[in-house]
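All letters in the sequence shown, in the order written, are residues 178 to 432 by this note's numbering.
Note that beta-carbon positions come from the ideal geometry of N, C-alpha and C, so glycine has one too.
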Amino acid sequence: MNRELLNKYHKELRVNAQTTGFRREATSHVVRHISEYDDRGFILASLLTEQNARSVIQAEKEYFKQIGQPFEWKLFSYDSPSNLKELLLAEGFKEDEEEALLVLDLTIDKDLLDRQIPAELKEITDENGVKDIVRLMDEIWQEKHDSLGKRLWQDKQQHPDDLFLYGIYDGNQLVSGAWMYLEKESSFASLWGGATQPAYRGRGYYKDLVAARAKKASEYDYSFLTVDARPMSRPILERLNFQLLAYTYGMLSPK
178 MNRELLNKYH
188 KELRVNAQTT
198 GFRREATSHV
208 VRHISEYDDR
218 GFILASLLTE
228 QNARSVIQAE
238 KEYFKQIGQP
248 FEWKLFSYDS
258 PSNLKELLLA
268 EGFKEDEEEA
278 LLVLDLTIDK
288 DLLDRQIPAE
298 LKEITDENGV
308 KDIVRLMDEI
318 WQEKHDSLGK
328 RLWQDKQQHP
338 DDLFLYGIYD
348 GNQLVSGAWM
358 YLEKESSFAS
368 LWGGATQPAY
378 RGRGYYKDLV
388 AARAKKASEY
398 DYSFLTVDAR
408 PMSRPILERL
418 NFQLLAYTYG
428 MLSPK
């Protein structure tokens, strides 16, 4: 593990993060992000001890209940106290799938910047393209992504230089899609999506989408790409020289 890079990530994308579409609130114990749309909020960073962890968790549950917003406690494998996940589970939180926090240093690993982008890969800038991404995500994950689509389109309209969306089309059909946020006041660009229809997998589309976003991040002088990778994506990204820094867990608040 690259401790220096992890410390940089922790400072820029957890403690001091300014997330597009969310209002940041910092207390002495947590950093909250309150959704400005019809979406859930999240707690991105915390500074807890064995003595105060349970009471802080209970206070945050009550706070989000009062504002009428579900939320996710974004837990990292190095967070304190060491039993924080167990405490969250005891308070009714549901654990989402474990993901690997991966980072690529674009100032060192430049192979993606030299990759040829296929002609069928397009940057998505209109609402119809965003709807294509939502339909793709709905079909692949077999669940609705309406709130995601609303947030992506509003972010693209209001913050066009923070969010970049890409898709690979077969005729008029979107078969693979992904997006990227250039994180404010940081040196990191975060990668999201990367979903491909099963019939079109194995053609290098995932790598093409990563490369397109790497090129855009480099154009804006961002030094690092970061992604919370699921098990299917992690081997591909590690072959592209992404480094494993930690593991992450989306802990979903009780209803």
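Query                                                                                                                                                       : Result
For residue 218, count the other beta carbons within 10 Å of its own beta carbon; 16 or more makes it buried, fewer makes it exposed. Which is it?          : buried
Given residue 238, which residues of its chain have a CB within under 7 Å of its CB, disregarding the five upstream and five downstream residues?           : 268, 430
Run through DSSP, which three-state label would residue 222 get?                                                                                            : strand
Taking only the alpha-carbon atoms, compute the straight-line gap between residue 330 and residue 295 and give it to the nearest angstrom.                  : 25 Å
Counting Cβ pairs closer than 8 Å, one from the stretch 419 to 428 and one from the stretch 307 to 327, do we hit at least three?                           : no
Given a cut-off of 7 Å on the beta-carbon distance, is the pair residue 231 and residue 264 in contact?                                                     : yes
List the endpoints of the continuous beta strand (DSSP E) containing residue 352.                                                                           : 350 to 359
Beta-carbon separation of residue 389 and residue 298 under 7 Å?                                                                                            : yes
Give the C-beta separation of residue 223 and residue 206 to the nearest angstrom, bearing in mind that I take them to be a contact with Cβ-Cβ under 8 Å.   : 6 Å
Classify residue 433 as buried or exposed, calling it buried when 16 or more other Cβ atoms lie within 10 Å of its own Cβ.                                  : Since the first residue shown for the chain is 178 and the last is 432, residue 433 is missing from the structure and cannot be characterised.
If you draw a straight line from the alpha carbon of residue 278 to that of residue 405, how long is it in whole angstroms?                                 : 5 Å
Mind checking residue 245: buried by the 16 CB within 10 Å criterion, or exposed?                                                                           : exposed
Look at residue 394 and residue 366 and say whether their C-beta atoms are less than 7 Å apart.                                                             : yes
Rounded to whole angstroms, what's the CA-CA distance from residue 236 to residue 179? Just pull it up for me.                                              : 34 Å
Straight-line CA distance for residue 336 to residue 379?                                                                                                   : 33 Å
Grab me the residues of residue 183's own chain with a C-beta within less than 7 Å of its C-beta, minus the 5 sequence neighbours each way, in chain order. : 422, 423
Can you look up residue 282 in the DSSP assignment and give me helix, strand or coil?                                                                       : strand
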